[in-house]
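Peer 1:
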Amino acid sequence: MQSLQHQIEAADAQLRSSRQFLEEQAAERDAEREELLGQITKLKTALREQKLANSFDDETKLLEQQLEEAQKQIKIISEEKQSSEENLSEAKAKIWELREIVSNLEKELATSRENEAALASKINEWEELFDKQMQAHQDLVVEFETVKQNVKSQGMNEAMELPLQDISGLHQIKTQILWLERSLSRRTKELETLYVFDANLSSPSEDISARDEMVNTPDSGRVDSPGLPLEQMSCLYEQFVRHSRAEDATVKCLRDTVLQLTAVRGQLSEVQLERDALQGRYNKTLAELSEAKVQREELRHTLFQNKTDRDQEKHAEMDMLQDKVKTLAKALLIKEEEMKEKERLMEQKDRMMWSLEQELSSKQDITDHRIRDASHLSHSELRPKRIASPVVRFNDTTLNNSYGTLGMEKERNPLNHSEQRIDLVEQNKRLKEELLQKEEIIVEIKADADALKKVLNDLQEKVNEAKRHSDNMSEQENVAGEYKIQIERNLETIKRYENEIEKLEQELEVLMKQYKVSNKEKTDYKHEIDRLTEKINEIQTQCSEYDAKNTQLKAQIESCERDFSDFIREFAISDKNKLGGEDVSIGDLVETLRKELKSYVENNELSKRVTDELDERVQSYQQEITNLKLKESTLKKRNQAVEEKLEKCEHEIENLKQNELLLKNQLDRVNLSCEVFKAKASELNEKEELIDKLKKNIELSEQNYVEMEKEMNEIREKEKQMFDEIQDKEKHVKILKENVNALQDEINKQECEQCKEYSMRDQTRLNEQLAMNFPADQSATTSFDIKSLKDEMFSELAEKLRKELQLSAKLDEKLLSKQKDFAYEQQDHIIQTLNEDKRKLKELLLTERARFESEQLQDADLLEKLRNKLETNKESYKKTVQRLETEMKDIMADKVELLAKVSQLEKSLESYRSSLDQMSRKSQELEIAFNEQKSLREETKIKLKLESANLKSAKEKIIVLENELAKSKDKLDSNDVMTKSDVENVVKEQIALTTQAMKISELEKLLSEQKSQQDEETNRKQLEERIKSLTETRVQLEETVQTLTGKRTQLEERIKSLTETLMNETRKVLRLEAELEVRKTEISEHSERTKEFQEKLREKETNLEIEKERVTTLREKLLEKSKTLAEELEKNKSLEEKVRGLHREVDVMFSQKHNEVEHSKQMRQILVRLMRAESCNKSLVFQKRYLKNMINSYVRSECKTVQMLEGRPHEPVKPKRTFRCVVFTIISISRMKYLRRKRSTTMLRTLR
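Next comes the structure, spelled out in structure tokens:
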């Protein structure tokens, strides 16, 4: 009963203690809930602040965009600066070209001076030779004089010795001496003339020949050499002949030297003139160069000042911007650090929450377990659990402190965020102001560039004006238009070359951009390599740390095993010492040892698993490191290949730059030639204008000529008509004279024979018949009927007729004089213009032939140069094509390599993905194993409890068995003899005892192990701490895995970008291939065009020859026309003289007196009709002139239409004008028809 009461009291105590424990836990959980709610509120506030931070991140992105825009503007400014520097370099190149030109001119001057020096040296040598020859000639003259004196003395002596030997011999001697004297005098004269010629050096060689002829004239008394009777005279004569021959030779030499001297001096004068011209040009070029240098220095100075000022301003602005960028970068770094700290705090909070949740779950499990086992557990079991609660509280307090610090930081952060926002707004404003300032600076730079361009354009205009002034060319022929077309085509070809060069420049720019992109990729690869190396180093350091930790863990595990073995030994010794009956709570120790052993085994297994995992991860990391090293090596190889390619590209770019410079030089030369061609084209335009003017003048002259021809034809027709009329009148006059003579005879007969009326009737009949036959000349017949008319009427009519005739004659004379004067003036003007045109055409033809030949030579040179350039361009193009093909091959090879590398990278990524999947699977397996271990741990706990109960029952049985053994020993002592059954029972009992002893030994081992576990609680705590550290390292490793996954994504993106770049490169390659094909087609077309151009040149040459022939034919026609005009003028003069004679005769005929009234009436009628006829003639003439003018105007309009069709410039003709012209022509034609009819009727009436 007492035992039951004790048990009941113990149970009540346990219940009370459990209730107290539960109440304490409930209070603690309430406090924890309140803390968690506070933490949740704090986390909400942190989330709100995070949103604000995200807004600040957006603002930072905007600022970064603005910074990028500012950097782009800075790049644009730098590009403009580079363009201005390139312009300066071009100006410098032009200056260098001018310097080269000056150096060439200086070289030409030096060569001309050297030539002058050589000519001077030659002149000096010739003068020395001339002096030597003159000295030799003087010596000969002295010798001749001495010989002459000796001859004279000898002759005198012989004359004294032989006085008057023979008169004939003396006469011969005298003649011979005279001949010698004359010849000597002639020689002396020649020598004197030579001396004079040498002194003046102005008379040419023709003067020498004239003097020879003057000397050899018959007046000089030259006599042939007679026979020589004396021997001395014969010797003297031979010497004289030799002397004369030598003298002739010397004279010839002297003449040759004089001619050479004159030629040399003429060359000297020409060379001096050329030197003066070159000196003038050199001075002009020096002056222009000095002006250009002054302008260049001024420009340089201004540019340098502007550049320095702008550079200073830009550097200042750049420094400001860099400082601002640095400050912004620092602010961004600070913000990033703050964000990282916040993320770390959030991660810590998450970890703490996770740990709290795990602790709560563990506490719930513990409470449930304690509630279940409250009746079975003792007070000793509850002590360690009550001890563990302060640890949790301590952790809670640390968490609360950490949350408090976080809350303080969060409370401080909003102010910092507001201040940073204000700073960012101010920085935005500053950046905008700086951007505006930069835009103003850019505008100023553009204005300066425009001013520089204007200055350069002014200089170019001055140069062009100087060229135009220097190259004033004369007028040219109709071939100028075709030559202009040729020049335009040449200019078109040059423009095509320029376009091709621009395309090549664009390709160069594309290559440069590709080079820059490759450089950027190279830098990116280098940065990636550096980052990978840094990461590899970090991973190696981590691996080394993990290796060190593993070694430490192994050492600790070995030390724990040693301590455990020592503890087991000590426990065994203590058990041997304490078998005597000491009161030891073996059950408690066994249970604690079992629990500690299980926990230690589990921890050991966990540590082993963690170590295995770590080893696996280390191996994976080592594999990754090896892969990264391999990648690094491959990247290095790629970098080396890329560097080699870049070097090749740089060499190619240098070659291309050199080619570009050569092309620029060629372009400059072509531009100069284009400028020359343009100047020539302007001059050709002027010449064309002059030629057009000449053509217009020629057309006008031709029109005037046509008009004159028409007028001459009209005059000829009129003259023919007048001649016919005069002939008719002469016939009538002859008949009238005959009639008059007959009438006079008849009158005489009537005076003699008054009675003869029949004769009078016959005469009247005859007169009537004559009147009927000749009605047109009745006026003339009536004028001769002296008897039928009275004197008064005849006198009046005669006066009136004379007045009218005088007026008509005056009018006719005036008209004829005006017509003749106009015709003569026009003819003179036409002849003068034709002569002037002939003269001008001759001059033009001569000048143009020379220039055309020179231009043909120049064109041939240009064509050769262009062909050479084309060949060089073709060769360069072929070389470029070959290079591009090689580059294409290299690019394709690189493409294949890159594809292979991409495939390798994909494989490595797949392997990496598979490894990551394996890692994730392993992590899942580890979680599953961890859960299984937890379940096993619970099962082992249950089994330990059961085994503890079994141990208790076994101990009780052992006590019972010991008692029985004691009893059996007593029995054995009492009973010495035993039966078989008793023996068997004893054996069985011994076996059972041995089995129980074995069990006890095992239990003792377990107890020893549990004791060692109790000693190793401290080690367990250390292991827990290590496990925590390992978990932290696991978290870090997971973070590294996440970073590696991010890197993997980055690498995948990079691979995608590389594939895209490869696709773009392939597209570019295809484009380049298409461009190459297009270029090949263009080259073939260009070759065909060159062939067509050559064929057109040949056709134009043939056209030129045809036009030359046409010009010659036109000249011949003009000459023939001028001859015909002169002949016609002479004919007109003769006809005018005949007409004047006829008028005189008519005046004589009409001067006679007539007295008949009928004749006066007839005369009046005739005069009226004549006046009408003359008025009709005049109106017809004026109408013809009007029609001619109208037709000429219509012809001019037609000429303009022809010009329109030919494409020549013309003034637009109004449609009204053409319509009016047509209407007036129709009216004039109808008027002409009417006047012709009227004239015919009037003529018939007058004849009647």
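Heads up, the sequence shown is in the working numbering, so the first residue is 2 and it goes up one at a time.
Ideal placement from N, C-alpha and C gives every residue a C-beta, glycine not left out.
Being a predicted model, the structure only gives us computed values, none of them experimental.
#1: Would a C-beta distance cut-off of 7 Å place L279 and L120 closer than the cut-off?
#2: Distance check for E107 and E91, CA to CA, integer angstroms please.
#3: Using beta-carbon positions only, say whether E117 and V265 come within less than 7 Å of one another.
#4: Would you check if the distance between the CB atom of L262 and the CB atom of W127 is smaller than 7 Å?
#5: With burial defined as no fewer than 16 other Cβ atoms inside 10 Å of the residue's Cβ, what is the status of S1241: buried or exposed?
#6: Between the alpha carbons of E1033 and R922, how many angstroms are there, rounded?
#7: Given that a residue counts as buried once 16 or more other Cβ atoms are within 10 Å of its Cβ, and exposed if not, what is S4?
#8: Applying the criterion that 16 or more other CB atoms from any shown protein chain within 10 Å of the CB defines a buried residue, is Q72 buried or exposed?
#9: State the Cα-Cα distance for the pair E1233 and K1239, rounded to the nearest angstrom.
#10: If you compare alpha carbons, which of K341, R345, E314, E933 is closest to I78?
#11: Going straight from the alpha carbon of E339 to that of K331, what length do you get?
#12: Is any heavy atom in the ligand PLP found nearer than 6 Å to the beta carbon of L847?
#13: Between the C-alpha atoms of L1259 and D277, what's the straight-line distance to the nearest angstrom?
#14: From E69 to E60, what distance separates their C-alpha atoms?
#15: Alpha carbon to alpha carbon, how far is E940 from A950?
#16: Please report the distance separating the alpha-carbon of E298 from that of L89.
#17: Counting C-beta neighbours from all protein chains within 10 Å, is the total for F395 16 or more, i.e. buried, or is it exposed?
#18: Mark S1229 as exposed unless 16 or more other C-beta atoms lie within 10 angstroms of its C-beta, in which case mark it buried.
#19: Roughly how many angstroms lie between the CA atoms of S855 and D862, to the nearest whole one?
#20: What number of angstroms, rounded off, separates the C-alpha of Q1257 from the C-alpha of A28?
#21: Counting contacts by CB-CB distance shorter than 7 Å, is R256 in contact with chain B?
#22: Give me the Cα-Cα distance between E289 and L858, rounded to the nearest whole angstrom.
#23: Do you know offhand how far D613's Cα is from K908's?
#24: Taking the alpha-carbon positions, what's the R1111 to E718 distance?
#25: Between the alpha carbons of S936 and T46, how many angstroms are there, rounded?
Peer 2: On the basis of the supplied data:
#1: Cβ atoms of L279 and L120: not closer than 7 Å.
#2: In this structure, the alpha-carbon of E91 lies about 24 Å from that of E107.
#3: No. Outside cutoff.
#4: Cβ distance < 7 Å, so L262 and W127 count as in contact.
#5: By the 16-neighbour rule on beta-carbons within 10 angstroms, S1241 is exposed.
#6: Taking the straight line joining both Cα atoms gives about 20 Å.
#7: Exposed is the call here.
#8: With fewer than 16 Cβ atoms within 10 Å of its Cβ, Q72 is classed as exposed.
#9: The question names Glu, yet the displayed sequence has Met at residue 1233. Looking at the two C-alpha atoms, the distance is approximately 10 Å.
#10: Ranking the options by Cα distance to I78, first place goes to E314.
#11: Each residue's CA atom was taken as its position, placing E339 and K331 some 12 Å apart.
#12: You won't find the ligand PLP in this model; it holds no ligand whatsoever.
#13: Given that the chain is displayed from residue 2 to residue 1249, the structure contains no residue 1259 and the question cannot be resolved.
#14: Linking E69 to E60 through their CA atoms gives a straight-line distance of about 14 Å.
#15: Taking the straight line joining both Cα atoms gives about 15 Å.
#16: C-alpha separation (whole angstroms): 12 Å.
#17: Caution is warranted here: a pLDDT of 36 is assigned to F395, below 50, making its placement in the model unreliable, and the coordinate value is therefore given only provisionally. Using a 10 angstroms sphere on the CB of F395, the tally of other CB atoms stays under 16, which defines it as exposed.
#18: Buried: at least 16 other Cβ atoms inside 10 Å.
#19: Using only the alpha carbons, I get a separation of about 10 Å.
#20: Outside the displayed range of the chain (2 to 1249) lies residue 1257, so it cannot be described from this structure.
#21: Among the chains of the structure shown, chain B does not appear; only one protein chain is present.
#22: Whole-angstrom Cα-Cα distance: 31 Å.
#23: Going by the C-alpha atoms only, they are around 27 Å apart.
#24: In this structure, the alpha-carbon of R1111 lies about 33 Å from that of E718.
#25: Distance between the alpha carbons of S936 and T46: 40 Å.
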